[in-house]
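K.L.:
First the structure, which I've put down as structure tokens, then a few questions once you've had a look.
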Amino acid sequence: MTDDLAAALTANHHRLGIFAGRVRWYEEVGSTNDLALSWADAGGEEGLAAIADAQTSGRGRLGRRWSSPPGAGIYVSVLLRPARAVLPLLTLTAGVVVAEAIQAACGLVVSLKWPNDVCVEAGTRGWLKIAGILAEAGTSSTGGNYAIVGMGINVRTAIHPPEVAVRATSLEAELGRPVDRSMLVVECLSAFSQRYEQLKGYGEARILDEWRRRASVTLARAVEFDADGAVRRGVAQGIDEGGALLVKTGEGVRRVVSGEVRWL
Ligand code: BTN
Numbered sequence: 583m584t585d586d587l588a589a590a591l592t593a594n595h596h597r598l599g600i601f602a603g604r605v606r607w608y609e610e611v612g613s614t615n616d617l618a619l620s621w622a623d624a625g626g627e628e629g630l631a632a633i634a635d636a637q638t639s640g641r642g643r644l645g646r647r648w649s650s651p652p653g654a655g656i657y658v659s660v661l662l663r664p665a666r667a668v669l670p671l672l673t674l675t676a677g678v679v680v681a682e683a684i685q686a687a688c689g690l691v692v693s694l695k696w697p698n699d700v701c702v703e704a705g706t707r708g709w710l711k712i713a714g715i716l717a718e719a720g721t722s723s724t725g726g727n728y729a730i731v732g733m734g735i736n737v738r739t740a741i742h743p744p745e746v747a748v749r750a751t752s753l754e755a756e757l758g759r760p761v762d763r764s765m766l767v768v769e770c771l772s773a774f775s776q777r778y779e780q781l782k783g784y785g786e787a788r789i790l791d792e793w794r795r796r797a798s799v800t801l802a803r804a805v806e807f808d809a810d811g812a813v814r815r816g817v818a819q820g821i822d823e824g825g826a827l828l829v830k831t832g833e834g835v836r837r838v839v840s841g842e843v844r845w846l
């Protein structure tokens, strides 16, 4: 672990909740989600967190890759063992967490695009993606349910594949100044432990309200999405208590539970 990160974790130990003393740092891994999945399968405890400086096979949603050059971002995955089915809400909870952490660590206000994109308005480039979330759940071969939540935040300007570069930005590019990655990790883990306690304590309504409050880039926007083998269009009206997106279309309000929506 870098000295900076070790010092930040020690100084903020009391704020890390279930992650205190359970953070493992790697210079390079395939994917922190895959690493945390292997821990889960081996019976690893709730609160283990994998952080890497680089990923060689970083994964995004819908089978996409997550470009993860060395030192350019925060690549972190946490292992959770929720007692009940909170998975549908974990992606949205993590979106709130990442938004809160970015705001606390560097003052930038971001907006949440359903279900897992964290975006920022970048002047003439429009809305660009600055972070993403990949939540996965399963049952260990040793028994016991688990959920892995991976968060990737672009911190520094880096060389990404062209299809990523065109719609992505980084905290430092938007702020025009350096960002302390160690404090960003601390704020992420601290916000996550608090929101996760709230989620487990049946506080999902408050988390969803916070998500809505931070979702100007989703709500009231004209979008298209794929359903029943066709492309549908409508206006995103809200999210329901299960975290599904409600889109008003010509044929009534549709509940979008998976996949993604594209801005029109
Ligand atoms: C997305 O926007 O499609 C989700 C991106 C999630 C990326 C993070 S980086 C840390 C963790 N490890 C992975 O392989 N993916 C997630």
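The sequence shown runs 583 to 846 under the working numbering.
Cβ coordinates follow ideal geometry from the N, Cα and C atoms, glycine included.
1. Residues bridged to L694 by DSSP?
2. Heavy atom of the ligand BTN less than 6 angstroms from the Cβ of W648, yes or no?
3. Using only the heavy atoms of the ligand BTN, determine whether one of them is closer than 6 angstroms to the beta carbon of G732.
4. Excluding the 5 residues flanking T848 on each side, which residues of the same chain have their C-beta closer than 6 angstroms to its C-beta?
5. Between the alpha carbons of S620 and Q637, how many angstroms are there, rounded?
6. So, using beta-carbon positions, are S649 and Y657 closer together than 7 angstroms?
7. Quick check: V702 and E756, are their CB atoms within less than 7 angstroms of each other?
8. Contact check, E779 vs G629 under 8 angstroms by CB: the rounded distance?
9. CB of S850 to nearest heavy atom of the ligand BTN: below 6 angstroms?
10. Check R597 in the structure and name its three-state DSSP category.
11. Could you pull the start and end residues of the alpha helix (DSSP H) that V611 belongs to?
12. So does G645 have its beta carbon nearer than 6 angstroms to some heavy atom of the ligand BTN?
13. Let me confirm a value: T614 is counted as buried when at least 16 other C-beta atoms fall within 10 Å, else exposed. Which label applies?
14. Just the Cα atoms here: how many angstroms apart are T751 and A687?
15. Smallest Cα separation from E786: which of L766, V761 and T675?
16. Quick one: grab the DSSP three-state call for A809.
17. Tell me which same chain residues have a C-beta within less than 7 angstroms of the C-beta of T739, skipping the five on either side of it?
18. Assess contact between the region 812-823 and the region 704-713, defined as three or more Cβ pairs (one per stretch) separated by less than 8 angstroms. Is contact present?
19. Rounded to the nearest angstrom, what separates E647 and V746 at their Cα positions?
20. Give the DSSP bridge partners of R641, in chain order.
21. Name the two residues that bound the continuous beta strand (DSSP E) containing I730.
22. For A634, which residues from the same chain have a beta carbon less than 7 angstroms from its beta carbon, with the 5 sequence-adjacent residues on both sides left out?
23. Once the 5 residues before and after S659 are set aside, which same chain residues still bring their CB inside 6 angstroms of it?
24. Taking V799 and L694 to be in contact with their CB atoms under 8 angstroms, please state how far apart those CB atoms are, rounded to whole angstroms.
25. Tell whether a beta-carbon distance below 7 angstroms holds between R814 and T831.
26. Quick check on the burial criterion: 16 or more other C-beta atoms within 10 angstroms. Buried or exposed for G655?
27. How far does the alpha helix (DSSP H) with E756 in it extend, from its first residue to its last?
P.N.:
Let me spell this out:
1. V700
2. yes
3. yes
4. Residue 848 is absent from the model: the chain starts at 583 and stops at 846.
5. 16 angstroms
6. no
7. yes
8. So it is not a contact: roughly 12 angstroms between Cβ atoms.
9. Absent from the structure is residue 850, since the part of the chain shown begins at 583 and ends at 846.
10. helix
11. Where V611 is concerned, there is no enclosing alpha helix (DSSP H), given that its DSSP letter is neither H nor E.
12. no
13. buried
14. 17 angstroms
15. T675
16. strand
17. S752, E754 and A755
18. no
19. Sequence check: residue 647 is Arg here, not Glu. If you take the alpha carbons of R647 and V746, they lie about 10 angstroms apart.
20. R647
21. N727 to N736
22. Y608, E610, V611, T614 and Y657
23. T614, N615, A618, A632, I730 and G732
24. 7 angstroms
25. yes
26. buried
27. L753 to L757
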